[in-house]
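First residue of the sequence shown: 3, per our numbering; consecutive thereafter.
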Amino acid sequence: METHSKDYIIDAFFSLLKEHDYYAIDVTKISKKAGVSRATFYRNFQSKEEIIKAYFERSELEFLAAHSPMNPYSDPKEFIYFCFEELAKERDNLLSLYHQGLIHDLSEALNAGIEKDFADHNRGDKAMAYLYAGAVYNLEVYYLSSGAKETPSELTEELLRFLRYDPNGPKKDSV
Numbered sequence: 003m004e005t006h007s008k009d010y011i012i013d014a015f016f017s018l019l020k021e022h023d024y025y026a027i028d029v030t031k032i033s034k035k036a037g038v039s040r041a042t043f044y045r046n047f048q049s050k051e052e053i054i055k056a057y058f059e060r061s062e063l064e065f066l067a068a069h070s071p072m073n074p075y076s077d078p079k080e081f082i083y084f085c086f087e088e089l090a091k092e093r094d095n096l097l098s099l100y101h102q103g104l105i106h107d108l109s110e111a112l113n114a115g116i117e118k119d120f121a122d123h124n125r126g127d128k129a130m131a132y133l134y135a136g137a138v139y140n141l142e143v144y145y146l147s148s149g150a151k152e153t154p155s156e157l158t159e160e161l162l163r164f165l166r167y168d169p170n171g172p173k174k175d176s177v
């Protein structure tokens, strides 16, 4: 029941965030919307900030479960597309966070995902993983700030164009 309560609280918070200013949302509103008592709220969370972190942790677990068979370093284009595709599924919640000035938690979540992935698999170049995560974060912020119009494919192509990624490898005359 605790896991379900936690999910209900997270979902209720984001539902409220789409309708109200972050500072106008209190524990009573969240609890009522989630259909749980204030005591249940406090058993799961101490603050609204913890709800946002739990949301990203939940999203991270779903992301890692979905991509675990995929090695992000064997096909960076496929992996980057997958990142943007997963973020697109969270578009409305991410837009709510962006409009409320709370999107910085996404960067922390991406970095936490890298740490978890390397702890579990220890594959590839960790510095490159952070480079990709930073680029994905910044392009995601751009995407949200411009009204979230681009598709995951368009965002992937934009990022790869910026990184000058060549799927056929470096040219012989390149340094």
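Idealized CB from N, CA, C, for every residue including glycine.
C-alpha of Arg45 to C-alpha of Glu87: approximately 33 angstroms in a straight line. By the Cβ-count criterion, Leu133 is exposed, with fewer than 16 other Cβ atoms from all chains shown falling within 10 Å of its own Cβ. In this chain, the alpha helix (DSSP H) harbouring Asp94 covers 93–101. Note on geometry: alpha-carbon atoms of Leu146 and His106 lie some 12 angstroms from one another.
Residue range 128–147 is occupied by the alpha helix (DSSP H) that includes Val143. In summary, Ala129 is exposed, with fewer than 16 beta-carbon neighbours lying within 10 Å of its beta-carbon over all protein chains present. Between the region 91–102 and the region 152–168, the count of Cβ pairs shorter than 8 angstroms is below three; the stretches do not touch.
In its chain, beyond the 5 residues on either side, Asp107 have a beta carbon closer than 7 angstroms to the beta carbon of Lys55.
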